[in-house]
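A.B. asks:
2 protein chains.
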Amino acid sequence: MALIRSWVESANVADCPFPLNNLPYGVFSTADEAPRCGAAIGDMILDLAGCEAQGLLDAGGTFAQPQLNGFMALGRAKWNEVRARLTELLAEDGNRDLPLVRMADATLHLPVRVTEYTDFYASKNHAFNVGVLFRGPENALPPQWTHMPIGYNGRASSVVVSGTPIRRPMGQLKGETGPRWAPCERLDLELELGAVVGADSAMGERVSVEEAEDMIFGYVLLNDWSARDVQAWEYQPLGPFQSKALGTTIGAWIVTQAALEPFRSPGPERVNPLLPYLQESRPGLYDLEIGWTLNGQVMARTNYNVMYYSSAQQLAHHTSSGCPMRVGDLLGSGTISGPAPDQTGALLEMTEGGKTPVTVNGEARTFLENGDEVALFAEARGEGYRIGFGPCTGRILPARP
Amino acid sequence: MALIRSWVESANVADCPFPLNNLPYGVFSTADEAPRCGAAIGDMILDLAGCEAQGLLDAGGTFAQPQLNGFMALGRAKWNEVRARLTELLAEDGNRDLPLVRMADATLHLPVRVTEYTDFYASKNHAFNVGVLFRGPENALPPQWTHMPIGYNGRASSVVVSGTPIRRPMGQLKGETGPRWAPCERLDLELELGAVVGADSAMGERVSVEEAEDMIFGYVLLNDWSARDVQAWEYQPLGPFQSKALGTTIGAWIVTQAALEPFRSPGPERVNPLLPYLQESRPGLYDLEIGWTLNGQVMARTNYNVMYYSSAQQLAHHTSSGCPMRVGDLLGSGTISGPAPDQTGALLEMTEGGKTPVTVNGEARTFLENGDEVALFAEARGEGYRIGFGPCTGRILPARP
Chain U
1 MALIRSWVES
11 ANVADCPFPL
21 NNLPYGVFST
31 ADEAPRCGAA
41 IGDMILDLAG
51 CEAQGLLDAG
61 GTFAQPQLNG
71 FMALGRAKWN
81 EVRARLTELL
91 AEDGNRDLPL
101 VRMADATLHL
111 PVRVTEYTDF
121 YASKNHAFNV
131 GVLFRGPENA
141 LPPQWTHMPI
151 GYNGRASSVV
161 VSGTPIRRPM
171 GQLKGETGPR
181 WAPCERLDLE
191 LELGAVVGAD
201 SAMGERVSVE
211 EAEDMIFGYV
221 LLNDWSARDV
231 QAWEYQPLGP
241 FQSKALGTTI
251 GAWIVTQAAL
261 EPFRSPGPER
271 VNPLLPYLQE
281 SRPGLYDLEI
291 GWTLNGQVMA
301 RTNYNVMYYS
311 SAQQLAHHTS
321 SGCPMRVGDL
331 LGSGTISGPA
341 PDQTGALLEM
351 TEGGKTPVTV
361 NGEARTFLEN
371 GDEVALFAEA
381 RGEGYRIGFG
391 PCTGRILPAR
401 P
Chain F
1 MALIRSWVES
11 ANVADCPFPL
21 NNLPYGVFST
31 ADEAPRCGAA
41 IGDMILDLAG
51 CEAQGLLDAG
61 GTFAQPQLNG
71 FMALGRAKWN
81 EVRARLTELL
91 AEDGNRDLPL
101 VRMADATLHL
111 PVRVTEYTDF
121 YASKNHAFNV
131 GVLFRGPENA
141 LPPQWTHMPI
151 GYNGRASSVV
161 VSGTPIRRPM
171 GQLKGETGPR
181 WAPCERLDLE
191 LELGAVVGAD
201 SAMGERVSVE
211 EAEDMIFGYV
221 LLNDWSARDV
231 QAWEYQPLGP
241 FQSKALGTTI
251 GAWIVTQAAL
261 EPFRSPGPER
271 VNPLLPYLQE
281 SRPGLYDLEI
291 GWTLNGQVMA
301 RTNYNVMYYS
311 SAQQLAHHTS
321 SGCPMRVGDL
331 LGSGTISGPA
341 PDQTGALLEM
351 TEGGKTPVTV
361 NGEARTFLEN
371 GDEVALFAEA
381 RGEGYRIGFG
391 PCTGRILPAR
401 P
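Sequence lines, in order, name chains U and F.
Sequential numbering from 1 applies to the first sequence in the UniProt record's numbering.
Sequential numbering from 1 applies to the second sequence in the UniProt record's numbering.
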């Protein structure tokens, strides 16, 4: 697929993350108007509530809401219809009288009201590396890992939009004679892609991988901040809890499945066949470069197609017990790590649990310091265009003792 | 405290679970009217939306909503004001012209829109017994267990009201040569009390145990249905996931903290001192008999005051990382078990992992069979009155292969 040219000239520039091929959805406000839904195009935001008010498209008034849940609930046929209509309006011969807002003049908000949040653990490199650090090499990869996408329920209330500061948590840390109460000393990031669920499933019913794919509205960048010392002390046997509740940052732009369609990519070879309910009829991953910077320095770059399970497989597994899913559910892919240290999505892995510091702008780092800023990035590259996700950043504030 | 007599005579009967001392809140509908909030009194429901419509009390219109979240969000001063007003209206010399509905003519609904659901693990007997079965006696009680109330995030979408059938889940079960896909063979209940959070806390801020207690609106019976074979295969290292997502049943009536106030009770002796952020200035447990029946036969009876951590301590710990809490959050106490087999809150414990069947109406049982009905019960006993919770039941439907 080639670049689809737009009359919004900034969308046609070679390295623009938001060409007409992309059209990610978000929620924005301006000095004079409350949060509403928009689509990114070049360096502008198309005011979708404004478009609907002008009679240019029909989304049942949902674009005037301060999150995309209402629009998502209208279903895939409506998603497709609106995408086709926006592509028409913004094409070179489109409508030049659209309500556009300069992105520089807008404030971006959380694009969805996150109903529930689940975090998976689907990069084999990451699972193995972290397993070695927490449990030793012989128990590194749990026995069920190659048979199911394991995950845990995270805390939806702690999901925040890119740019929100993240406070270093206090917590119980393991001491010599018992736990001590102290600021987290091993604060980390996790480089992930989040899938946004755009449809409900009923309690007691299972969803196939194909149906699951149809339920996914789109993807966001996701940083699952982690307090590794709190995690080590608390996580057995019930899994991570407060170590993962200090904040999870997502990007402000939801890149739709439609925009990523040309980038479908197979994943790594399977160690063993999957049970039928997890088998895919076509690749569910994407060829998508993804990485992160610390205080502006690129720390790691890898590809989303290293993952062992796709979001559709994760969603299908999520319903295997009959668990009902709802519009606005967010599924974290799990930390995305390639095999090499400069492909890892967490400092825990990159520094081998803090044993091998890395250098950031000349300073040694094992874990995150106060004032550090982490930014995630991702990009799919087509012929003459890119699909970007916008920033996903957070800066560390000192703990409140 | 003695019985407070009501002009609703059925509320004054000796074994009535809903005397005027109780006044639990719920949501009900009738043949001719949609779900709205009510309070149980004797064998009647006081229509609180109707009371407000008649100008008898003021709750900002929240009682006309189909869940109690709006009322809870009004805050503790309003909770106290409304409770005092209802006590006045229903007293012997009260208002005999109130909108009452016979409980037998009403359908009860989920009383809250559950925002997020967290399940704890706070009975030392249960944690030890289950730990032996899953990990052996030497690793039974995790090392942090006596220092913090451990828990995991459950799945709010799977919380249903008493009486909702529960479908036996399919799942991955560990086999000889790899997992197999089969109906759960070790389906279990968990006897718990759920605390309903009635106030928000801000991200990045911690809540003390005293503040946490003030945030708790009330308590419900809670059965956290569990697929033990799915759990055993999936739960390491991230904790239980699909094994706990098949359904969680809560009672339809929220018993307020105010009603339980006379029953405050200290818990078991502490193994070690707690860190200051978990210390209580007064007992946070209640002297509350709690138990369960299987197909009508009483299987176990114990007391909520065997728990090692109170809901207020759990809520305080939940915010230790700065995790924001919201109105409608539900905190499961963890399975409530006394030391003896006929005091255990799960079949896993009662049958020693299925090794020692129990007899139910003359039939042997290790785990739950299709058609089985589990009912939880709880009661605090005052002088001449009882505080009941109403039923919390569920019947097992066969799996959908």
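From the three backbone atoms N, C-alpha and C, an ideal C-beta is built for every residue, glycine too.
Residues of chain U with a CB under 8 Å from the CB of residue 326/F: which are they?
C.D. replies: Your numbering for residue 326/F matches position 326 in the second sequence. Going along chain U in sequence order, the residues near residue 326/F (Cβ under 8 Å) are 157.
A.B. asks: When the distance is taken between beta carbons, is residue 85/U closer than 8 Å to residue 258/U?
C.D. replies: Reading the first sequence from its first residue, position 258 is the one you call residue 258/U. Reading the first sequence from its first residue, position 85 is the one you call residue 85/U. Contact flag unset, no.
A.B. asks: Any C-beta of chain F sitting closer than 8 Å to the C-beta of residue 136/U?
C.D. replies: The count along the first sequence starts at 1 and reaches residue 136/U at position 136. By this cut-off, residue 136/U is not an interface position.
A.B. asks: Give me the Cβ distance between residue 69/U and residue 239/U, rounded to the nearest whole Å; I'm assuming they're in contact under 8 Å.
C.D. replies: For this step, residue 69/U is matched to residue 69 along the first sequence. For this step, residue 239/U is matched to residue 239 along the first sequence. Residue 69/U to residue 239/U, Cβ: 27 Å. No contact.
A.B. asks: Could you tell me how far apart the beta carbons of residue 116/U and residue 157/F are, in whole angstroms, since I believe they sit closer than 8 Å?
C.D. replies: Locating residue 116/U in the first sequence gives position 116, where the first residue counts as 1. Locating residue 157/F in the second sequence gives position 157, where the first residue counts as 1. Residue 116/U to residue 157/F, Cβ: 6 Å. Contact.
A.B. asks: Give the DSSP bridge partners of residue 248/F, in chain order.
C.D. replies: Translated into positions along the second sequence, residue 248/F becomes position 248. Bridge partners of residue 248/F: 159/F and 224/F.
A.B. asks: Which residue wins for smallest C-alpha separation from residue 398/U, given the options 224/U, 270/U and 371/U?
C.D. replies: The sequence position of residue 398/U within the first sequence is 398, counting from 1. The shortest C-alpha separation from residue 398/U is found at 371/U.
A.B. asks: Would the beta-carbon of residue 198/U fall within 8 Å of that of residue 325/U?
C.D. replies: For this step, residue 198/U is matched to residue 198 along the first sequence. For this step, residue 325/U is matched to residue 325 along the first sequence. No, they are not a contact pair.
A.B. asks: Short of 6 Å in beta carbon distance, which residues of its chain neighbour residue 279/F, apart from the five on each side in sequence? Order them along the chain.
C.D. replies: Mapped onto the second sequence, residue 279/F falls at position 279. Once the five neighbours on either side are set aside, residue 279/F has no close Cβ partner at all.
A.B. asks: Ignoring anything shorter than 4 residues or poking outside the stretch 76-163 of chain F, list the alpha helix (DSSP H) runs there in chain order.
C.D. replies: Qualifying alpha helix (DSSP H) stretches, in chain order: 76-90 and 124-135.
A.B. asks: Please go through the same chain and pick out, in chain order, the residues whose beta-carbon is closer than 7 Å to the beta-carbon of residue 175/U, but skip the five residues on each side of it.
C.D. replies: To locate residue 175/U, count along the first sequence from 1; it is residue 175. So the list is empty, once near-sequence residues are dropped.
A.B. asks: Run through DSSP, which three-state label would residue 62/F get?
C.D. replies: Working through the second sequence from its first residue, we reach residue 62/F at position 62. Reduced to three states, the DSSP call for residue 62/F is helix.
A.B. asks: Mind checking which residues open and close the alpha helix (DSSP H) that includes residue 209/F?
C.D. replies: Residue 209/F sits at position 209 when you count from the first residue of the second sequence. Here the alpha helix (DSSP H) through residue 209/F covers 209-215.
A.B. asks: Between which two residues does the alpha helix (DSSP H) harbouring residue 350/F extend?
C.D. replies: In the second sequence, the residue the question calls residue 350/F occupies position 350. Residues 347-350.
A.B. asks: Given a threshold of 16 other Cβ atoms within 10 Å of its Cβ, counted over all protein chains shown, does residue 268/F qualify as buried or as exposed?
C.D. replies: What you label residue 268/F is simply residue 268 of the second sequence in a count that begins at 1. Looking at its Cβ environment, which holds fewer than 16 other Cβ atoms inside 10 Å, residue 268/F is exposed.
A.B. asks: Considering just the uninterrupted stretch of the beta strand (DSSP E) at residue 407/U, what are its terminal residues?
C.D. replies: Since the displayed chain U opens at 1 and closes at 401, residue 407/U lies outside it and no answer follows.
A.B. asks: Quick check on the DSSP output: the alpha helix (DSSP H) that includes residue 170/F runs from which residue to which?
C.D. replies: Residue mapping note: residue 170/F aligns to position 170 of the second sequence, counting from 1. Looking at the DSSP string, residue 170/F is not in any alpha helix (DSSP H); the run it does join, the beta strand (DSSP E), is 170-174.
A.B. asks: Looking at the strands, I want to know which residues DSSP matches up with residue 392/F.
C.D. replies: Residue mapping note: residue 392/F aligns to position 392 of the second sequence, counting from 1. Note: residue 392/F sits in a beta bridge opposite 376/F.
A.B. asks: Could you tell me the distance, in whole angstroms, from the CA atom of residue 365/F to the CA atom of residue 359/F?
C.D. replies: Reading the second sequence from its first residue, position 365 is the one you call residue 365/F. Reading the second sequence from its first residue, position 359 is the one you call residue 359/F. Each residue's Cα considered, the two are about 6 Å apart.
A.B. asks: Would you identify the three-state DSSP class for residue 181/F, choosing helix, strand or coil?
C.D. replies: Translated into the one-based positions of the second sequence, residue 181/F becomes position 181. If DSSP states are grouped into helix, strand and coil, residue 181/F belongs with the strands.
A.B. asks: Shorter than 8 Å from the beta carbon of residue 261/U to some beta carbon of chain F?
C.D. replies: As a first step, residue 261/U is located in the first sequence; it is residue number 261 there, counting from the start. Chain F, which has no Cβ nearer than 8 Å to the Cβ of residue 261/U, makes this no.
A.B. asks: Put residue 17/F into one of helix, strand or coil per three-state DSSP.
C.D. replies: By one-based count along the second sequence, residue 17/F stands at place 17. DSSP places residue 17/F in coil when its eight states are reduced to three.
A.B. asks: What is the residue span of the alpha helix (DSSP H) that residue 322/U lies within?
C.D. replies: Looking up residue 322/U in the first sequence gives position 322. Element bounds for residue 322/U: n/a, residue is neither H nor E.
A.B. asks: Which of the three DSSP states, helix, strand or coil, is assigned to residue 253/U?
C.D. replies: Your numbering for residue 253/U matches position 253 in the first sequence. Of the three classes helix, strand and coil, the one that applies to residue 253/U here is coil, per DSSP.
A.B. asks: Quick check on residue 233/U: does DSSP put it in helix, strand or coil?
C.D. replies: Sequence index remark: in the first sequence, residue 233/U carries index 233 (1-based). Correct three-state label for residue 233/U: helix.
A.B. asks: What are the boundary residues of the beta strand (DSSP E) that includes residue 194/U?
C.D. replies: Reading the first sequence from its first residue, position 194 is the one you call residue 194/U. Element bounds for residue 194/U: 191-197.
A.B. asks: Within 10 angstroms of its Cβ, does residue 355/F collect 16 or more other Cβ (buried), or is it exposed?
C.D. replies: In the second sequence, the residue the question calls residue 355/F occupies position 355. With fewer than 16 other Cβ atoms within 10 Å, it is exposed.
A.B. asks: In chain F, which residues lie with their C-beta within 9 Å of the C-beta of residue 283/U?
C.D. replies: The sequence position of residue 283/U within the first sequence is 283, counting from 1. Here the premise fails: no neighbours, minimum Cβ distance about 23 Å.
A.B. asks: Going along chain F in order, which residues have a C-beta closer than 9 Å to the C-beta of residue 126/U?
C.D. replies: Within the first sequence, the letter at position 126 stands for residue 126/U. The premise fails here: residue 126/U is roughly 13 Å from chain F at the closest Cβ pair, so nothing lies under 9 Å.
A.B. asks: Can you tell me whether residue 129/U is buried or exposed, with buried defined as 16 or more other CB within 10 angstroms of its CB?
C.D. replies: As a working note, residue 129/U is residue 129 in the first sequence. Residue 129/U comes out buried.
A.B. asks: By alpha-carbon positions, which one of 93/U, 251/U and 362/U ends up nearest to residue 218/U?
C.D. replies: Sequence index remark: in the first sequence, residue 218/U carries index 218 (1-based). Measuring from the Cα of residue 218/U, the nearest candidate turns out to be 251/U.
A.B. asks: Give the single residue among 180/U, 113/U, 154/U and 148/U whose Cα lies nearest to the Cα of residue 161/U.
C.D. replies: In the first sequence, counting from the first residue as 1, residue 161/U sits at position 161. When only C-alpha atoms are compared, the closest one is 113/U.
A.B. asks: Note down, in chain order, every chain F residue with its Cβ under 8 Å from the Cβ of residue 179/U.
C.D. replies: Here residue 179/U refers to the residue found at position 179 when the first sequence is read from its first residue. Those are 144, 147, 148 and 275, listed as they occur along chain F.
A.B. asks: Assign residue 363/F to buried or exposed, taking buried as 16 or more other Cβ atoms, counted over all protein chains shown, within 10 Å of its Cβ.
C.D. replies: Position 363 of the second sequence, counting from 1, holds the residue named residue 363/F. The residue in question, residue 363/F, is exposed, as its Cβ has fewer than 16 Cβ neighbours within 10 Å.
A.B. asks: Counting along the chain, where does the beta strand (DSSP E) carrying residue 289/F start and finish?
C.D. replies: For this step, residue 289/F is matched to residue 289 along the second sequence. Note, residue 289/F: beta strand (DSSP E), 289-294.
A.B. asks: Given residue 89/F, which residues of its chain have a CB within under 7 Å of its CB, disregarding the five upstream and five downstream residues?
C.D. replies: In the second sequence, the residue the question calls residue 89/F occupies position 89. Only 56, 95 and 98 meet the Cβ criterion.
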